[in-house]
Amino acid sequence: MAKQLPYSISYVDAFRDHLAFIEPRHYATIRQKIEEQLSFEPHIETRNRKPLRPSPVFPDAWELRFGTTNRFRVFYQFDIKARTVVVLAAGVKIRSVLRIAGREIQL
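For the sequence shown, my numbering assigns the number 58 to the initial residue and increments by one for each residue that follows.
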């Protein structure tokens, strides 16, 4: 079986703004999970990785959830042929409230 090449991961410019509203002690975990979960097979649905329902906020995006009580959310898009992943946003979800860059987001 041939070894798969990893997907190239890039971030939208606003991603740094999103991180500014998350405690810095979580940055390493966020980076690690993005690399671990999205470098290979970002298009395979798992318990913590799934496509979003159609949304005007993130069209054609997927959601990755992780952390204590799955409180962190990362939204991304991918291109299988180009083997690229673009991370669109990172936020924190507590109960039913998702906040990205300090603003409540309705998906």
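From the three backbone atoms N, C-alpha and C, an ideal C-beta is built for every residue, glycine too.
In DSSP terms, what residue i is bridged to
i: GLY148; result: ARG130
i: PHE135; result: VAL142
i: LEU155; result: LYS150 and ILE162
i: SER67; result: VAL143
Residues near residue i in its chain [Cβ-Cβ closer than 6 angstroms; skip 5 each side]
i: LEU155; result: GLY148 and ILE162
Beta-carbon contacts of residue i that lie in its chain and below 8 angstroms, excluding the five residues immediately before and after
i: GLU92; result: ILE66
i: HIS83; result: GLY124 and PHE129
i: GLY118; result: Reading off the sequence shown, one finds Ala at residue 118, where the question assumed Gly. Only PRO108, LEU109, SER112, PHE132, TYR133, GLN134 and LEU145 meet the Cβ criterion.
8 angstroms contact criterion, which residue i and residue j should meet: CB distance rounded
i: LEU95; j: VAL142; result: 5 angstroms
i: ARG140; j: TYR64; result: 5 angstroms
i: LEU121; j: LYS150; result: Rounded, the Cβ-Cβ distance is 12 angstroms, inconsistent with contact.
Same chain, Cβ closer than 7 angstroms to residue i, five either side skipped, listed in chain order
i: THR86; result: GLY124
i: GLN61; result: PHE97
DSSP-derived helix/strand/coil call for residue i
i: LYS90; result: helix
i: PHE123; result: strand
i: ARG73; result: helix
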